[in-house]
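Right, one structure below, let's go through it.
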Amino acid sequence: MGAILDGNRFVLGTCYYPEHWPKELWREDLERMLASGIEVVRIAEFAWSKVEPTEGNFTYSFFDEFLDLAEEVGMKVIFCTPTATPPAWLTEKYPEVLNADINGVLYRHGARRHYNYNSPVYQELSKRIVEKFASHYASRPCIIGWQIDNEINCEKNVFYSGSDSKAFRVFLKDKYESLEALNEAWGTAFWNQTYTDWEEIHVPRKTYSDSTNPHEVLDYTRFISDSARCFAKMQSDIIRKYLKPGDFVTTNGLFGNLDNHQMTKESLDFMTYDSYPNFAYCLDAYSNAPGEMKDRKWSRNLSEVRSLSPIFGIMEQQSGANGWNTHMEAPTPRPGQMTLWTMQSVAHGADYVSYFRWRTCTMGTEIYWHGILDYSSRDNRRIAEVKDIHEKLQGMKEMAGSIYEAKVGIIKDYDNVWDAQLDVWHGRVDNASQKALFAALQLSHTPFDYVYINDASDAEELKKYQVLFYPHATIMTKEREAVLRAYVEAGGTLVIGCRSGYKNITGRCVMDKLPGLLSDLTGTDIPEYSFIAPDAGKVTVKWDDREFEASVFADLLQPIGAGKQEASYTSDYYAGSGALVSNVVGKGKAYYYGSAFNTESARVFLEKLDVISPYRDVVSVPESCEIAIRKKGDDRFLFVLNYDKNPAQIELLRKGTDLYTGKEVSGQMEIKGYQTLVVKL
Amino acid sequence: MGAILDGNRFVLGTCYYPEHWPKELWREDLERMLASGIEVVRIAEFAWSKVEPTEGNFTYSFFDEFLDLAEEVGMKVIFCTPTATPPAWLTEKYPEVLNADINGVLYRHGARRHYNYNSPVYQELSKRIVEKFASHYASRPCIIGWQIDNEINCEKNVFYSGSDSKAFRVFLKDKYESLEALNEAWGTAFWNQTYTDWEEIHVPRKTYSDSTNPHEVLDYTRFISDSARCFAKMQSDIIRKYLKPGDFVTTNGLFGNLDNHQMTKESLDFMTYDSYPNFAYCLDAYSNAPGEMKDRKWSRNLSEVRSLSPIFGIMEQQSGANGWNTHMEAPTPRPGQMTLWTMQSVAHGADYVSYFRWRTCTMGTEIYWHGILDYSSRDNRRIAEVKDIHEKLQGMKEMAGSIYEAKVGIIKDYDNVWDAQLDVWHGRVDNASQKALFAALQLSHTPFDYVYINDASDAEELKKYQVLFYPHATIMTKEREAVLRAYVEAGGTLVIGCRSGYKNITGRCVMDKLPGLLSDLTGTDIPEYSFIAPDAGKVTVKWDDREFEASVFADLLQPIGAGKQEASYTSDYYAGSGALVSNVVGKGKAYYYGSAFNTESARVFLEKLDVISPYRDVVSVPESCEIAIRKKGDDRFLFVLNYDKNPAQIELLRKGTDLYTGKEVSGQMEIKGYQTLVVKL
Amino acid sequence: MGAILDGNRFVLGTCYYPEHWPKELWREDLERMLASGIEVVRIAEFAWSKVEPTEGNFTYSFFDEFLDLAEEVGMKVIFCTPTATPPAWLTEKYPEVLNADINGVLYRHGARRHYNYNSPVYQELSKRIVEKFASHYASRPCIIGWQIDNEINCEKNVFYSGSDSKAFRVFLKDKYESLEALNEAWGTAFWNQTYTDWEEIHVPRKTYSDSTNPHEVLDYTRFISDSARCFAKMQSDIIRKYLKPGDFVTTNGLFGNLDNHQMTKESLDFMTYDSYPNFAYCLDAYSNAPGEMKDRKWSRNLSEVRSLSPIFGIMEQQSGANGWNTHMEAPTPRPGQMTLWTMQSVAHGADYVSYFRWRTCTMGTEIYWHGILDYSSRDNRRIAEVKDIHEKLQGMKEMAGSIYEAKVGIIKDYDNVWDAQLDVWHGRVDNASQKALFAALQLSHTPFDYVYINDASDAEELKKYQVLFYPHATIMTKEREAVLRAYVEAGGTLVIGCRSGYKNITGRCVMDKLPGLLSDLTGTDIPEYSFIAPDAGKVTVKWDDREFEASVFADLLQPIGAGKQEASYTSDYYAGSGALVSNVVGKGKAYYYGSAFNTESARVFLEKLDVISPYRDVVSVPESCEIAIRKKGDDRFLFVLNYDKNPAQIELLRKGTDLYTGKEVSGQMEIKGYQTLVVKL
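Shown next as structure tokens:
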């Protein structure tokens, strides 16, 4: 990792497609990149045919020639395995390698990622091409690292091929050993679903009302994640046989139905992220609704990346308008936005930023996915902005390797994430709460982390957070309850929202009083519950002197044990029922809140629990700006990012050094529209 | 039927799934039901695998054990045939039993009702399992009746398997005898559709613009109805071989593409209905639009059930929130709504009410379809409400067997119902009128019946109605015209709406002057007609001193024969044309109205024909309440049902006995939100 | 063509289906037509089975009998080939003749046009039936011409059968000769799409995000057009072997994915159009949005027809409500609208108008597609209107053969039309501009022509236009640039809109500075461009004293060479950048406008270029009326068409003869709602 995440400086890169351009242009392009501050190119992720133009015939000269040039001009290279786009000869000869829709109709050649992970043929041919790539190219001095495939689980993250059904059976036999255990876990007594032979089991197929057994779908999602991870690991294992010392293995994300944490742990040196905040401005996607965070929402994604690798790379950073010929019509980033979005990535921990892409492609689906340069490669405003960013980052070197600082965490786990995807009752509360918590934290300038747990988690990881939200812990296990309990006992404050604890790890509902395994920890009993009816009007909650609205659902609470009713509903037939119960456990406190969060209620929690706006003594900024702090030793680096087209008035309450200019700054300042400020405090 | 519809008392039941719970819980559950006033359980409708776990291997012990217990504790049982959910081994081995979509893609295992009625294999295996169920269990003393399959034609009521095409050909040969006759009936000269071989005919398949020949689709719908009925009759015939004296055969409905009247007549002792008024409050379905009747709309469905069996059972009555994991997000019924919806059923003639279900399922698609008890089975508000209902019904015993009373009828026939389904011109007027007539009748407290007719109907059945509406008799036959004529001649008042009489029984348009076979009866000619153009603005009709809006369509009328122009259009180019013609025939009168009904015009008709609010001298109630009268001998029983969350002020203009309290009541009273009142007059 | 487009008179016709009615009605129908002024019937387009009821068995008597009668009563006949609807026996025996959806699911018997053009079986059977039809019937004296098939490319204009893939490969081999050339043209280096064998190439199939290679789709669209044209030519060639002298060959259109110009040139004597302006009033389609042109939009279609044949026929003219049983719910045309829509056709150059259809069909999908007569064939308002139209046209005889007059043209070419269909960035600007230009021209009473060009075009064709708009010449070739240049050099004024010149003929983007091949001609450079961002608000342009809004896109312009910046953006970050550049070339001037057109900006261009309202010294009419001029020698014939239901006040500024009445007219006049005026000036 020495070449790009060394903790000593920031590095810029770009994505380059030697196969798209006449070789005569290569030298000019590479030299111009270097002159612009770009010192790394990623190549070859869609170039299988350049090395294996027909089955079993390998030829290396194309990239050899490119790498020779890279070494000559001094360009570093991230090399990719090409498995995201199988050649036409491959899918034509072996259609079983293709993914299918739920009706079994195959997805055909022409797009990307249309293969399935479980086809033995594809696995065999992929192994061979990765082995060929790695064994031939990995020793090249200009190469600094490898990207596996491209955007694993992008495009589609559900798979319905015949190979998937076969592999699913293996996965299930391994997990359950007997059909009896599987029938019990999946509750197949319901609707007479009982299986009497393993061959009767398939990946989801077409059913009435798309009503595949939900416990099966949960296992199926785990199976997809496993399939993708194993496919990545197969490649990582091969690459590592040939990897030069100091070179890294990564892949670019983040996509769904995939345990990115486990994949990172077992196959990668670090995760890279593809950041396209301009999606928010596509003509058909734009929303100016209240609470809509637009490009600032990408800070939520960057927080997800931080949960994988506190210091990470951006493999693809927006550098022009995005668009396909078939959909997505996006404007060109306005002057300043490219810098803004780069600094957004850096603020969250990106020490490597690679722009997608150098030249805009002149052919195919992505002719409107603009790179730094337009079709003509003329000098333009955006390459000028890249040079300016490069200069800014030069002044920020000492910050490299510093870590984003947060005292608040939001707990997540893949079981609940995946359950909320398929279960609309779970999804509705979770979507509302996740969106509201993010907005409340962002707008109140309260930095936070996502914290992923599983049955093997160590409570130690949690203890650095003063407050943890676990919005809807629908699925709960004894192991996780123990982790949470240990966190609270040690002095932590845990806030759990409605609909928690009513499912076990298979997604089956527990027959205990709710919130099940969380009753004791939260001192809470739930004798009754309901969606807030569509004719209910505004349902309110009173917590001491604060009254706010409940959202989506109402668990009607009663304290048990040492539990204390902190807040009550004040409307509809729930009036008087408990809406919030607290429970002192050890040195800490656990709260159970009976509803989903909205921005208003989330803000009340942040205030009441005294974690809101931790930097209010450092800087005063309006809601329209994000702030972030990266910390390294005793140094703190403050980012102020203005997402608005209008200028913002801020006040720096301490003296600091503006890292763009090197000058001391403090007091009242104006941040222009889309501008950013980076201050060493 | 002695056990539940004996005319002497009301009986409560519930739906129970022994296969979902540890056997250890069975006794506790049954005893607790009995203690709550529940004396019947329905079981086994999704339990094929419990008796035939693998092909041809039968084992009866599971339900033997349950029935032993039922007999021990004194619980009555409605036993079901299990054909709604074929076992996994069956559909895996014989995929031809599955239903398919119109493209031929099979619907797979995991949901329910995914079989097709016409598969010889499924018919054979169904016969065998029904024979096994009936022969083994029917003699058990605790069994009081049988339910065939479950919700016939629910989930999907169109079938596109290969077996369906084969059976469709048999159905058509039987109906038409020759291809010439079929070609003529289907008008295949249009678009060169002529068939020259029976094998060229298929159930509808994928066509451009989904434009299968409409006359074929009409026959296809009749074919589906036939297929479903025959499947039910096959089971009924088997069950009746083993049925204990006094036991009944039923099934639960009501679903589309099925002649429920014929099925009831040939296979059932009575129909049972599954009533879920809370569907109106699902988050994604709720509408508060003007004229939206919400849960009160279920009275329309109950009126349909009454047309099949004046006294009937509710096999599944809402007892908690409804929801699937994949869709439907419904609130828990508010305090009182469960009673309200039970009394809504009772008001219309339900003497048996069975709650779906006892415990909420902890697994599968229906984890959110709440029963009386929640997952934990703890005591809760809803089981308290069941006990309270039980007590209320104890006081109402003398009403059992009484009949809903109505002087207004709405005529329906399956040919027009099915034609309106597929013909958007027919459907648009019919949907508008049916909705408007129901709303006007409900809101004006004018009880009504649905009256189904066909070519074999007897005019006697109609004579008890003072006024009959036949909103859009698009398809008309000589036989039906004669029935209507006999009704009018005998003194009845018949109101027919626009677009009547222009199709024959095959759905082909007649080449006569319109309204075709109805011209003479109504004294009406229609020289011109049109949809009301979208730029027409408000089109008005004047009838004596009343002016109201026309809806959707305008037949421009001229009286012929003894016809009299009662009302005229007063706007657009139709101004001056006839909008309503009356014709005295014998002792009665027939009206032809040139438009579809809206709530306003429907109300004018009720007033002008003097049938509105027949109980206005008995009780004065606001629009928000439904009233119903059940009659038995000289006794009349008045129901007042408040669907609103706010209290209603009513005035009882006669003295009566409140059957909940046994006390005499009269004069001004307040009915609280969701409350009900039952008074013996 | 002598019989209907002879330049001496107007002829009325109708569409008749002898196979739909008892033969006993034929004579009555034909005689009644003649009595109403109808002297031509079109027959047999869906009647394959009447001549070949089973495979290879031919029988001619049905139409022989009809033609005998036609000749007896003096009715002229347009005979059709029946290939639009293959018989049931054909598609059942040879399913390979069917079209399929993109997943390969076949479209089945029952609708029309469900065949594919490239099936060798269908080609063979079509050739045979056409040969049989033509050889047997073409000599009949009553026949005056032939219609090939029916509405070629209607219903579906994409084809995905196996035969299509095979034929596509032949088309591509013919076009590219080598896979290397194809790979280059399609840019298959993108996403590793490179083809190594012709068999790997297919018509588009199911891909992720429907993202088939756009250059392939462009070629595929050309291939569809070719396939349709060849199918028509195959028939035309056969018919012409048997055609009587003076008889014509036509087909009815216009439909997409078809080069109608090439088809007309190679296969037809002239094109006929099917005109149904009442589509605008379907209940589910009606829009009253500002700028919505409703039925007047059909003048845009008629302008397209004029670009094919300045004098043409209407093969199907709206004569009643339109509708299918499955969708389309349209009102009956109001009194006057049928005349209005007929005169709309005539105003644009229709000398033959044939009403669809005589009697309304009583069966099948089109029971609501009303003809002149209703189901009963009684006399009605619409047949009275036909007679009145006939009389009006009698007075207009001298106008026959006259030509629509326009000084403004809008340039189109199929490459850009098809590219805009599949490329949403191209489509969005083009749709906006085409709609706006039409509206601005119509509302300002500025007649215009569509002018289609291709690489073989001659600049002479363009020189009759004072001003030509080429709204978005995205695809540009050297040949076309030369044609445009020659037009400008000769004194023409050319206006080109944004996004021009950035693609080559394969749809690949050029690597030149933009607008590429158009830079020199327009004196324009485009250093930067963007969609107007959804949060941009109103983006304005200032041109001298006029300020107006830009639309959709902003090319930021800089003049080069002799170019002159005529207008600038005045808002957002584009403020100050060029919005309009002009360039004097020879005697003319070329303009490059950096945005798409809206009604406001289009009107400013018409004014500034001094071509607006050329007849303002002849007649003064409100926006609600269309005006058109047909010219013959020195005579000019003025049409005023009032599309509104309200009367319009006009002033005729010259004396003329009202051709309906023969009287001299001038000065102030009122045109009633839906009325028309035709004046010889």
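Residue numbers (this note's numbering), protein chains in the order written: chain A, 3 to 683; chain B, 3 to 683; chain C, 3 to 683. Backbone N, C-alpha and C fix where the C-beta goes; we use that ideal spot for every residue, glycine too.
Is the distance from the Cβ of residue i to the Cβ of residue j below 7 Å?
| i | j | result |
| --- | --- | --- |
| C/E153 | C/N59 | no |
| C/A577 | C/K544 | no |
| A/N118 | A/N101 | yes |
| B/R171 | B/W200 | yes |
| C/C17 | C/R359 | yes |
| A/V469 | A/L611 | yes |
| C/P1 | C/N280 | Nothing in the structure corresponds to residue 1 of chain C, since chain C is present only between 3 and 683. |
| A/K78 | A/E21 | no |
Leaving out five residues before and five after residue i in sequence, what residues of the same chain have Cβ atoms less than 6 Å from its Cβ?
| i | result |
| --- | --- |
| C/F641 | A349, A630, V680 |
| C/E530 | L558 |
| B/R142 | L69 |
| B/F12 | D353, L395, A402 |
Just to confirm my understanding: we take residue i, look at its own chain, exclude 5 residues before and 5 after, and list those with CB closer than 8 Å. What are they?
| i | result |
| --- | --- |
| A/D660 | E666, V667, L679, V680, V681 |
| A/H329 | D286 |
| A/V2 | Residue 2 of chain A cannot be examined here, being either before or after the span of chain A that is shown, 3 to 683. |
| C/E628 | R298, S301, Q346, A349, Q444, H447, F641, V642, L643, Y645 |
Kindly examine the ligand NAP and report whether one of its heavy atoms sits closer than 6 Å to the Cβ of residue i.
| i | result |
| --- | --- |
| B/F60 | This structure does not include the ligand NAP; it has no bound ligands of any sort. |
Where does residue i fall in DSSP's three states?
| i | result |
| --- | --- |
| A/E483 | helix |
| C/W148 | strand |
| A/G164 | helix |
| A/I6 | coil |
| B/G429 | helix |
| C/S573 | coil |
| C/L582 | strand |
| B/M345 | helix |
Who are the Cβ neighbours of residue i in its own chain at under 7 Å, not counting the five residues just before and after it?
| i | result |
| --- | --- |
| B/K589 | E491, A492, G493 |
| C/A442 | T601, A604, R605, L608 |
| B/V620 | L640, L655, R656, L683 |
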